[in-house]
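As numbered in full-length UniProt numbering, the sequence shown has no gaps in its residue numbers, which increase by one up to the final residue, 395.
Idealized CB from N, CA, C, for every residue including glycine.
This one's a predicted model, so the numbers in the text were calculated from it and none came from an experiment.
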Amino acid sequence: MLSSFEELFRGTPGNPYLQQLLKGFAWLRFEPQLEREYDQYLGAAAIRQRRIAIVLALLIWCGFVAVDLHRLQPFAEGVPLSETAGWLLHLRWAVLGLLLVAQLVLLVKRLEFLTLPLTPWVIALTGVATALINMLYSRLGMQASYDGVILLTIAAFFPLGMTFYTSLMVGLVISVGSFLLAQWLLIGDYLRAFNLTAVYLFLGVLVSAGGGYLRDHNQREQFLSRHLLNWLAERDSLTGLYNRRSLEQKLALLFLQARRQKCRIGLVLVDLDHFKAYNDSYGHRAGDLALQRVARVLHDFARRPLDMAVRLGGEEFALLLFDCDEPALHSLAEEVRLAIEQLAIEHRSSATLPVMTASLGLALSGPEESSGALYQRADEALYRAKHAGRNQVLL
Ligand SMILES: Nc1nc2c(ncn2[C@@H]2O[C@H](COP(=O)(O)OP(=O)(O)OP(=O)(O)O)[C@@H](O)[C@H]2O)c(=O)[nH]1
Numbered sequence: 001m002l003s004s005f006e007e008l009f010r011g012t013p014g015n016p017y018l019q020q021l022l023k024g025f026a027w028l029r030f031e032p033q034l035e036r037e038y039d040q041y042l043g044a045a046a047i048r049q050r051r052i053a054i055v056l057a058l059l060i061w062c063g064f065v066a067v068d069l070h071r072l073q074p075f076a077e078g079v080p081l082s083e084t085a086g087w088l089l090h091l092r093w094a095v096l097g098l099l100l101v102a103q104l105v106l107l108v109k110r111l112e113f114l115t116l117p118l119t120p121w122v123i124a125l126t127g128v129a130t131a132l133i134n135m136l137y138s139r140l141g142m143q144a145s146y147d148g149v150i151l152l153t154i155a156a157f158f159p160l161g162m163t164f165y166t167s168l169m170v171g172l173v174i175s176v177g178s179f180l181l182a183q184w185l186l187i188g189d190y191l192r193a194f195n196l197t198a199v200y201l202f203l204g205v206l207v208s209a210g211g212g213y214l215r216d217h218n219q220r221e222q223f224l225s226r227h228l229l230n231w232l233a234e235r236d237s238l239t240g241l242y243n244r245r246s247l248e249q250k251l252a253l254l255f256l257q258a259r260r261q262k263c264r265i266g267l268v269l270v271d272l273d274h275f276k277a278y279n280d281s282y283g284h285r286a287g288d289l290a291l292q293r294v295a296r297v298l299h300d301f302a303r304r305p306l307d308m309a310v311r312l313g314g315e316e317f318a319l320l321l322f323d324c325d326e327p328a329l330h331s332l333a334e335e336v337r338l339a340i341e342q343l344a345i346e347h348r349s350s351a352t353l354p355v356m357t358a359s360l361g362l363a364l365s366g367p368e369e370s371s372g373a374l375y376q377r378a379d380e381a382l383y384r385a386k387h388a389g390r391n392q393v394l395l
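See below:
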């Protein structure tokens, strides 16, 4: 699969998704910029799962609260509650409070960004508190079960938007934290019983970590492939510039934006001169390489976020410049023309110059003008530039 990607993208400007796919990610780490993008993607994709998980956790925790109240009878008259039982109940209510805060954060749209950083803390604290509550039951001489703690270490690896390393950290905090607390709080048979459970606790982390690793690896692969496919759909595979389809799609949006901002859009059509003759003299492969070099020049001139460098097809390119005026459009187009000439790609059969040159047609959008009309004006200017002797810029 990778070699066919490589084949497809041969000679195009670097694509971060492809490069990462080729480089691999056995340690589940991308390049920093891509890693940040992946984190956001993972967090946003799992928002529904986190909503379901918090509702389930709240329901289960409320069930535990009811069991505590039944077992400890805190409201029974004449039976004072021991300090240990008091701590146990406080802990149970504290975690209920934590879960309610997590639920609130998920419900309030403006706080939604907090859910991802909160999730590992909520799981880790709930896991350690569950272990502690059961240790307090043991200290009260009542039956305790640590199955809930095992369950929570496994839950740390659920697809809740955390990366493998965060899940692993949470699993370890719960298991190691519980183990240390048990050595401090429990004695005799209670400690022996816990230590036996601890073996399964650590095994639970190990097995879940294995599954978690594979899941994160698959998700990373999917993330890269999906972004690469999106990139492919909107780019020209020879030059890596945007293709005509994405220009048409984005032009409508840019026109709306320009109308709102009361600014103008500049369109530069660039057509290489005597390219058929170049292909005939130097061969199709040399023609391809020349197109790639010119494309890189245009790519470097699309400097602002809403600017676009496009390969319309064949030896025809476009530069779309957002928020532009006439002097700026003209001087930039002149710079483009000169930069192409200064590539100094030898072109012996050109009737214009012995190097590759281009003719450029310009148009600047009017307040009520459609994108089609703008394109037509730039095309007419290009036609005039060709007939006026090529290697020139006309508005
Ligand atoms: N190497 C290569 N050539 C291409 C590609 N796409 C189109 N062409 C060639 O580009 C040439 C365009 O030729 P014309 O449209 O006649 O234009 P021209 O020769 O540049 O003439 P003027 O534009 O009038 O200066 C044709 O020979 C096409 O085969 C491509 O992807 N690679």
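Which residues in the same chain as residue i place their Cβ atom closer than 8 Å to its Cβ, once the five residues preceding and following it in sequence are excluded?
i	result
Gln20	Phe30, Glu31, Leu34, Leu224
Gln49	Phe158, Pro159, Leu160, Gly161
Arg215	Phe157, Pro159, Phe164
Can you tell me which residues form a DSSP beta bridge with residue i?
i	result
Glu31	Looking at the DSSP assignment, Glu31 forms no beta bridge with any residue, so it has no partner.
Ala309	Leu319
Arg235	Tyr242
Ile150	The partner list for Ile150 (beta bridge, DSSP) is empty, contrary to what the question assumes.
Gly287	DSSP lists no partner for Gly287.
Ser359	Asp271
Leu364	Gly266
DSSP state of residue i, grouped into three classes?
i	result
Arg36	helix
Arg348	coil
Asn243	strand
Gly314	coil
Val176	helix
Gly161	coil
Ser208	helix
Leu394	strand
Ile265	strand
Gln342	helix
Ser371	helix
Leu140	coil
Ser3	Model confidence at Ser3 stands at a pLDDT of 47, short of 50, so the residue's coordinates are unreliable and nothing is read from them.
Gly171	helix
Gly78	coil
Asn230	helix
Asn218	helix
Phe223	helix
Cys62	helix
Val101	helix
Asp325	coil
Ala333	helix
Arg304	coil
Pro16	helix
Gln257	helix
What is the C-beta distance between residue i and residue j, in whole angstroms, given that I count them as a contact (C-beta under 8 Å)?
i	j	result
Thr84	Leu140	6 Å
Leu28	His217	7 Å
Ser178	Val149	6 Å
Trp61	Val101	Contact flag wrong, Cβ pair sits at about 13 Å.
Leu247	Val310	5 Å
Gly204	Thr153	5 Å
Leu99	Leu56	Rounded, the Cβ-Cβ distance is 10 Å, inconsistent with contact.
Arg245	Leu312	With 8 Å as the limit, Arg245 and Leu312 do not qualify as a contact, their Cβ atoms being about 10 Å apart.
Asp271	Leu382	6 Å
Ser138	Tyr190	4 Å
Met169	Pro120	7 Å
Which residues in the same chain as residue i place their Cβ atom closer than 6 Å to its Cβ, once the five residues preceding and following it in sequence are excluded?
i	result
Leu111	Val105
residue 426	Because the chain is modelled from 1 through 395, residue 426 falls outside the range shown and cannot be assessed.
Ser371	Leu251, Phe255
Phe202	Ser175
Gly11	With a pLDDT of 46 at Gly11, under the threshold of 50, the predicted position of this residue should be treated as unreliable, though the coordinate-derived value follows. Counting only Cβ-Cβ distances below 6 Å, and skipping sequence neighbours, we find Gln292.
Leu185	Met135
Quick one: what's got a C-beta closer than 7 Å to residue i's C-beta in the same chain, skipping five residues either side?
i	result
Leu89	Asp68, Leu72, Pro74
Phe91	In the sequence as displayed, the identity of residue 91 is Leu instead of Phe. Same-chain partners within the cutoff: Ala129, Leu132, Ile133.
Ile345	Ala290, Arg293, Val355, Met356
Leu114	Val105
residue 407	The first residue shown for the chain is 1 and the last is 395, placing residue 407 beyond what the model contains.
Tyr17	Leu224, His227, Leu228, Trp231
Leu306	Leu254, Phe322
Gln40	none
residue 396	Examination of residue 396 is not possible in this model, given that the chain is present from 1 through 395 alone.
(request) Mind the definition here: the stretch 313-330 touches the stretch 357-376 only if three or more C-beta pairs lie below 8 Å; say whether that holds. (result) yes
(message) With three or more C-beta pairs closer than 8 Å as the rule, is the stretch 283-302 touching the stretch 231-250?
(response) yes
(request) Inspect the CB distances between the stretch 376-393 and the stretch 333-350 and report whether three or more fall short of 8 Å. (result) yes
(request) Report yes or no: do the stretch 145-160 and the stretch 126-135 share at least 3 C-beta pairs separated by less than 8 Å? (result) yes
(message) Check whether the stretch 371-384 and the stretch 330-344 are in contact - that is, three or more C-beta pairs closer than 8 Å.
(response) no
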